[in-house]
Amino acid sequence: MNSSDFADRTAIVTGAGSGIGEACALMLAERGANVVVADVNGDAAKVVADKLGTPTLSVVVDVSDPTSCQNMVDVAVREFGGVDVAVNNAGIAGEQVPTAEVTVDGWRKVISVNLDGVFYCMKSELPALVERGAGVIVNMASILGSVGFQNAAAYVSAKHGVVGLTQAAALEYAASGVRVVAVGPGFIDTPLLAAAPAEVLAGLSSLHPLGRLGTSEEVAELVGFLASDRASNITGSYHLVDGGYVAR
Ligand SMILES: NC(=O)c1ccc[n+]([C@@H]2O[C@H](COP(=O)([O-])OP(=O)(O)OC[C@H]3O[C@@H](n4cnc5c(N)ncnc54)[C@H](O)[C@@H]3O)[C@@H](O)[C@H]2O)c1
């Protein structure tokens with residue numbers, strides 16, 4: 277870790293009001309970035325922004341709304357002069373039922389936040405990064421971007437889509453100096469899993485060879501590396517931080 281990896285850089289983190297996004301925002305600020313703490317929950321975003329030591333601002337964004345995503349990027353450019361790093365992390369869990377029982381509304385909701393949302397963010401972020409002639413996008417996928425899971429059809433589909441979107445954009449923007457990567461966390465101890473009963477959490481833990489859920493900080497550590505110049509030869513790739521889950 278280098279405490280000045282992101283000095284004089286501006287980073288946007290979506291879904292930064294909680295869990296993995298909050299940990300990424302804290303990590304980026306500790307390493308010198310100006311951070312745009314973006315979340316649909318404006319109060320949560322403000323609480324996180326107030327914890328950060330570097331210049332920060334909180335922005336209300338609904339990533340399922342392309343106009344809202346453009347506004348988030350416009351605010352970052354206006355207040356901090358540009359964007360260098362974007363962590364597209366906002367996501368929701370959705371209905372937990374077999375595929376035939378997923379409601380159309382439930383399907384659309386998960387796809388609109390977890391897949392369309394990443395696309396809308398990238399659509400607004402990429403021109404700002406190209407303008408800089410350099411930059412990194414880190415998309416928050418999941419282990420479920422490469423393997424299936426029962427009762428999570430929309431979530432699994434969206435996360436597989438995020439991995440493909442990452443690869444496509446990486447090819448398109450490499451020549452512009454922009455790297456695009458995806459991160460695949462295993463099950464992580466965050467509010468996203470808060471509704472799960474203790475026995476379900478114990479069962480999820482046992483699916484990871486390391487025998488536990490991961491932490492948001494462990495995910496942020498990987499994001500910090502990938503978003504830094506130390507990862508200068510890495511683009512278009514999908515990086516697991518999963519306690520061995522996918523190796524089983
Ligand atoms: N927790 C896990 O086990 C796990 C595992 C793999 C991947 N992930 C992914 O990591 C990301 C973060 O998950 P988390 O566990 O920290 O969840 P979390 O629920 O703790 O935080 C998600 C944040 O996203 C925000 N958000 C939700 N909808 C939004 C929208 N439309 N626009 C903007 N912000 C929105 C929420 O307000 C919340 O602050 C998600 O993409 C999730 O799919 C989580």
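Numbering-wise (the numbering used here), the sequence shown opens with residue 277 and increments by one.
Each residue gets a CB set at the ideal place from its N, CA and C atoms; glycine is no exception.
Since the model is a prediction, treat every value here as computed from it, not as a measurement.
Would you mind giving the Cβ-Cβ distance between residue i and residue j, rounded to the nearest angstrom? I have them listed as a contact below 8 Å.
i	j	result
residue 348	residue 288	7 Å
residue 355	residue 333	6 Å
residue 353	residue 404	6 Å
residue 462	residue 521	4 Å
residue 344	residue 338	5 Å
residue 409	residue 453	5 Å
residue 439	residue 421	4 Å
residue 494	residue 517	6 Å
residue 301	residue 311	5 Å
residue 373	residue 427	6 Å
residue 296	residue 511	That pair is no contact at about 21 Å.
Tell me whether residue i, by its Cβ, gets closer than 7 Å to a heavy atom of ligand 1.
i	result
residue 287	no
residue 427	no
residue 389	yes
residue 319	no
residue 347	no
residue 366	yes
residue 303	no
residue 463	yes
residue 398	no
residue 381	no
residue 418	yes
residue 330	no
residue 296	yes
residue 469	yes
residue 442	no
residue 533	Outside the displayed range of the chain (277 to 524) lies residue 533, so it cannot be described from this structure.
residue 338	yes
residue 492	yes
Can you give the Cα-Cα distance for residue i and residue j, rounded to whole angstroms?
i	j	result
residue 429	residue 436	11 Å
residue 416	residue 458	6 Å
residue 479	residue 418	18 Å
residue 424	residue 431	10 Å
residue 382	residue 500	33 Å
residue 582	residue 377	Residue 582 cannot be examined here, being either before or after the span of the chain that is shown, 277 to 524.
residue 450	residue 315	28 Å
residue 401	residue 442	13 Å
residue 364	residue 444	16 Å
residue 276	residue 399	Missing from the structure shown is residue 276; the chain here goes from 277 to 524 and no further.
In terms of alpha-carbon separation, which member of the options lies closest to residue i?
i	options	result
residue 319	311, 335, 331, 425	335
residue 508	473, 466, 456	456
residue 371	359, 469, 487, 394	469
residue 489	451, 477, 360	477
residue 362	444, 481, 285, 433	285
residue 342	396, 506, 441	396
Count the C-beta pairs between the segment 303-311 and the segment 379-394 that are closer than 8 Å, then say yes if the count reaches three, no if not.
-> Touching, no.
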